[in-house]
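Heads up: the sequence lines are chains R and S, in that order.
Here the first sequence stands for residues 93 to 509, where the numbers follow this note's numbering.
Here the second sequence stands for residues 93 to 509, where the numbers follow this note's numbering.
Data first, discussion second: the structure below is written as structure tokens.
Protein chains: 2
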Amino acid sequence: MSNVPGLQLNGAKLLQQIKTLGDIGVDLTQGGRTRIALSDAEKAGRDQVVAWMRELELDIQVDRIGNIFGSLRCASDTGHERPFMMGSHIDTVTNAGALDGCYGVLAGLAVQRAYREAGVLPPRTITVGAFTNEEGVRYQPDMMGSLVYAGGMSVEDALKTVGTDGSRLGDELARIGYAGELVPGAMVPHEYLELHIEQGPILEAENTLIGVVENLQGISWQQVTVKGNANHAGTTPTRLRQDAGYVACAIATELRQLAKSSGTTLATIGCMTFEPNVINVIPRRASFTVDLRDPDESKLLKAEQQLAARLAEIAEEEGVSIETEQLVRFQPVTFDPSLANAIEDSARRFGFSHRRMTSGAGHDAQMIARIAPAAMIFVPSRGGISHNPREHTDDDQLLNGAQVLLDVVQRRLNTPL
Amino acid sequence: MSNVPGLQLNGAKLLQQIKTLGDIGVDLTQGGRTRIALSDAEKAGRDQVVAWMRELELDIQVDRIGNIFGSLRCASDTGHERPFMMGSHIDTVTNAGALDGCYGVLAGLAVQRAYREAGVLPPRTITVGAFTNEEGVRYQPDMMGSLVYAGGMSVEDALKTVGTDGSRLGDELARIGYAGELVPGAMVPHEYLELHIEQGPILEAENTLIGVVENLQGISWQQVTVKGNANHAGTTPTRLRQDAGYVACAIATELRQLAKSSGTTLATIGCMTFEPNVINVIPRRASFTVDLRDPDESKLLKAEQQLAARLAEIAEEEGVSIETEQLVRFQPVTFDPSLANAIEDSARRFGFSHRRMTSGAGHDAQMIARIAPAAMIFVPSRGGISHNPREHTDDDQLLNGAQVLLDVVQRRLNTPL
């Protein structure tokens with residue numbers, strides 16, 4: 093890396109911080125760590141990140157939905173300039189890896205540290221954001237902090253959200269001391285960059301170091317409930333069955349065919365429940381989830397329409413009733429081409445193998461893309477595994493990603509070096 | 093019915109006893125009654141049946157597996173003659189109807205009562221059996237009492253059975269006071285007849301009063317476990333998936349096709365469980381049950397073989413591992429043609445609409461058929477519903493069935509009238 097002029101990444105410090113943050117909320121029996129949004133463990137994680145922001149003498153602000161921002165202000169900034177923003181989140185799922193979200197926040201701090209250690213101020217304010225409740229484990233929807241920040245949900249509605257444990261989000265936010273005063277979205281980024289592990293198998297499978305994320309799939313989540321008739325498995329002729337379980341399985345099977353013939357659409361049935369779930373009783377009720385994704389909105393819509401048509405058809409065939417509920421719907425996001433080009437240029441200069449790619453997962457960047465030019469940088473995930481204690485990226489791959497992030501930032505800001 | 097000479101059925105008493113027994117173990121909140129084998133509620137049911145046997149001055153015997161027999165002995169019987177046996181069971185599933193099993197036992201007592209009320213002894217001893225643990229809810233396998241009685245399982249093994257609640261069957265049997273001394277099978281029936289509700293929709297759908305059950309389907313129960321890989325629904329391309337849930341659903345869908353193309357084979361997937369059962373995670377594990385039935389052993393075998401072949405094929409295609417466990421396997425049973433003819437003749441004489449049919453459910457009669465000529469009589473089940481508080485057969489349909497039973501018994505015994 094010595095052939096690249098400019099600011100120096102303190103890689104050891106970045107890796108140390110990832111480890112330290114990863115030890116907060118650690119689960120010694122099940123493995124991994126659990127820092128569900130606005131829990132005591134997540135408060136401890138927030139406190140640690142804020143302490144590190146203080147070490148860097150950042151201007152720290154917390155907004156009304158609990159998003160934390162640490163700004164390294166440029167000389168001319170009186171607090172109203174549009175910053176170059178990096179960010180992600182530090183909340184986790186249950187028994188998570190140490191990298192999802194945290195890597196992006198801490199790599200942002202590493203960029204600011206590079207300026208501090210060089211003793212230079214950036215030509216534009218650089219802000220690192222840690223967005224509230226990206227995972228959506230306890231409070232729905234996920235990516236809530238960045239969604240509110242981008243104006244996609246009102247603060248009032250977000251604070252009223254009731255969690256899976258019956259708690260009110262606003263109460264929990266106040267309880268842990270992170271109900272700030274900044275109005276979400278008051279500080280509109282000039283540009284936004286998010287560094288993240290891929291959480292998928294593509295980079296590793298192709299032995300590629302850097303993913304230049306140029307777009308993000310649209311997501312459609314539906315809950316489907318089929319109501320049939322419970323009858324005896326041995327005495328009910330096939331033609332007289334109203335088998336809710338069969339209908340659910342047939343739809344799941346057909347969605348795989350839909351995905352295969354589309355080429356880009358992904359279809360996943362993650363949850364499936366039968367009632368009464370007894371070996372010799374035809375299921376009276378089957379409920380399942382459908383996760384459809386596509387980077388092309390028209391193809392995502394088509395998949396949804398095909399599903400709806402097929403559900404209507406099979407309900408008629410089998411004599412069952414079917415209800416669907418839309419749980420989540422996000423249109424595909426196209427990231428800023430100029431930022432994507434800058435990432436690609438940087439990877440090329442470092443000699444890192446790279447490829448253009450689509451983000452399969454949802455990220456805060458997709459929300460911020462509503463109000464500012466945004467893009468993402470991916471590094472490989474071993475085995476594509478995430479949301480799991482076995483989530484892993486090699487240290488040198490993590491540092492490669494942070495190096496590209498730092499390089500892109502200093503070039504976008506035209507930092508004189 | 094006055095045109096049929098002979099013994100008179102006390103229909104009012106039969107209906108009253110069905111109601112009284114049905115009130116034991118009643119569940120006022122969920123509906124129905126629950127008398128799981130060898131529970132306190134089932135002991136109360138046994139005590140009631142024994143009290144009614146005493147009223148009829150029957151010779152009461154309990155065998156080592158808890159089967160209860162009440163015999164109305166003919167004049168010549170010193171305790172060693174082969175009796176004409178009727179029977180069924182009085183244990184129930186959870187929140188059951190009042191008829192399944194109980195109807196057959198109490199109609200048997202009604203036949204004996206007809207002799208008592210006429211003041212005549214039968215030319216051959218008539219025995220009514222109430223077999224232990226037909227339902228198999230707490231202790232597997234089901235139809236255990238009749239299976240042991242017919243020599244298909246040793247008493248010792250049966251007594252050692254550990255229940256879903258961790259209890260040992262032998263301990264529970266002793267606790268409720270029904271560990272008898274008679275050696276199961278010591279008293280081999282001359283013939284066996286079981287009256288039962290259809291528990292299926294065929295008689296009602298065809299507006300037919302009496303089912304002449306000439307055979308009983310073979311049953312194959314398997315537990316199938318698919319192990320794949322949990323991966324992110326948004327980042328894992330379809331071709332890289334090892335989706336245990338998809339495999340389970342595809343098999344369930346194909347089994348429906350197998351059933352349709354066979355014509356006689358029934359295939360039911362009653363239980364289905366996904367892990368981790370999360371909307372955006374490809375299932376790493378899916379476990380489901382397969383219930384296959386056919387009255388023709390060669391077709392049942394063929395269905396099992398097709399399933400096994402398809403499981404091996406799809407495991408290869410998707411890169412998952414699949415384990416199967418045989419839970420239950422019974423060959424089809426052909427009932428005694430002479431007894432079936434007698435039932436048909438009787439129904440015809442009464443002017444009751446009737447049809448030959450296959451029993452889709454398992455019954456104690458299939459076990460006793462191993463050691464004696466056996467057959468069954470069915471009456472309609474409203475909506476085909478059983479194992480449910482909504483199980484129902486009209487009173488006059490219940491009495492029609494009992495009338496046929498009484499008629500067949502007295503004709504088989506050549507009772508002089």
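Idealized CB from N, CA, C, for every residue including glycine.
Source: prediction; values computed, not measured.
Between the segment 159 to 169 of chain R and the segment 211 to 220 of chain R, the count of C-beta pairs closer than 8 Å reaches three or more; the two stretches touch.
By the C-beta criterion, the segment 198 to 212 of chain R is judged to be in contact with the segment 100 to 107 of chain R, since at least 3 inter-stretch pairs fall below 8 Å. Take Gln-140/S, set aside five residues on each side of it, and the residues of its chain with a beta-carbon closer than 8 Å to its own are Thr-112, Leu-113, Ile-116, in chain order.
Nearest to Glu-248/R by C-alpha distance, out of Ile-157/R, Val-496/R, Leu-490/R, is Ile-157/R.
When Cβ-Cβ separations below 8 Å define contact, His-324/R makes contact with chain S.
With a contact defined as Cβ atoms closer than 8 Å, Leu-285/S and Ser-445/S miss out at about 20 Å. By the criterion of at least three beta-carbon pairs nearer than 8 Å, the segment 309 to 317 of chain S is in contact with the segment 409 to 425 of chain S.
Against chain R, the beta carbon of Lys-352/S has neighbours under 9 Å at Thr-330, Arg-331, listed in chain order.
Straight through space, the alpha carbons of His-172/R and Val-185/R are spaced by roughly 35 Å. With respect to the 8 Å criterion, Ala-400/R and Ala-336/R are not classified as neighbours on the basis of their beta carbons. According to the DSSP secondary-structure assignment, Gln-315/R is paired through a beta bridge with Thr-381/R, Glu-417/R.
Counting only runs of at least 3 residues, the segment 202 to 226 of chain S fully encloses the following beta strand (DSSP E) elements, listed from N- to C-terminal order: 218 to 222.
Of all residues in the segment 467 to 491 of chain S, those with a C-beta nearer than 9 Å to a C-beta of chain R are Ser-473, Gly-475, Gly-476, Ile-477, Ser-478, His-479, Asn-480, reading in chain order. Cα atoms of Glu-149/R and Val-142/R: separation of roughly 10 Å, rounded to the nearest angstrom. Relative to the Cα of Gly-476/R, the nearest Cα in the group Thr-170/S, Ser-259/S, Pro-329/S belongs to Pro-329/S.
Two segments are said to touch when three or more pairs of C-beta atoms, one from each, lie closer than 8 Å; by this definition the segment 489 to 506 of chain R touches the segment 278 to 295 of chain R.
Around Val-370/S, the beta-carbon contacts reaching into chain R at under 8 Å are Gly-362, Cys-363. Near chain R, meaning a CB-to-CB distance below 9 Å, the residues of the segment 451 to 466 of chain S are Ser-451, Gly-452, Ala-453, Gly-454.
In the DSSP assignment, Arg-448/S forms a beta bridge with Val-304/S. Closer than 8 Å to the CB of Asp-383/S there is at least one CB belonging to chain R. When Cβ pairs closer than 8 Å are counted between the two stretches, the segment 482 to 501 of chain S is seen not to touch the segment 126 to 137 of chain S, the count staying below three.
When C-alpha distances from Leu-497/S are compared across Pro-175/S, Lys-394/S, Gly-179/S, the shortest belongs to Gly-179/S. Between Ala-222/R and Asn-159/R, the alpha-carbon positions lie close to 6 Å from each other.
Counting only runs of 3 or more residues that sit fully inside the segment 146 to 189 of chain S, the beta strand (DSSP E) segments are 151 to 154, 160 to 164, 176 to 180, in chain order.
As DSSP reads the structure, Ile-435/S sits in no beta bridge. The beta carbon of Thr-327/S falls within 8 Å of a beta carbon belonging to chain R, placing the residue at that interface.
Residue environment for Ser-438/S: buried (at least 16 other C-beta atoms within 10 angstroms of its C-beta). Ala-466/S carries a strand assignment under DSSP once its states are collapsed to helix, strand and coil. As a beta-bridge residue in DSSP terms, Val-254/S pairs with Arg-260/S. About 15 Å separates the beta carbon of Thr-356/R from that of Asp-383/R, a gap too long to meet the 8 Å contact definition.
Where Thr-507/S is concerned, there is no enclosing beta strand (DSSP E), because DSSP gives it neither an H nor an E. The beta carbon of Asp-386/R sits closer than 8 Å to the beta carbons of Gln-309, Gly-310, Ser-354, Thr-356, Thr-357, Leu-358, Leu-392, Ala-395, Pro-424 from its chain, once the five residues preceding and following it are set aside; these are given in chain order. Under the DSSP definition of a beta bridge, Phe-422/S partners with Ile-311/S. Residue environment for Arg-376/R: buried (at least 16 other C-beta atoms within 10 angstroms of its C-beta).
For Thr-327/S, there is no enclosing beta strand (DSSP E), as DSSP marks it with neither H nor E. Phe-442/R sits in a helix when the DSSP states are folded into three classes.
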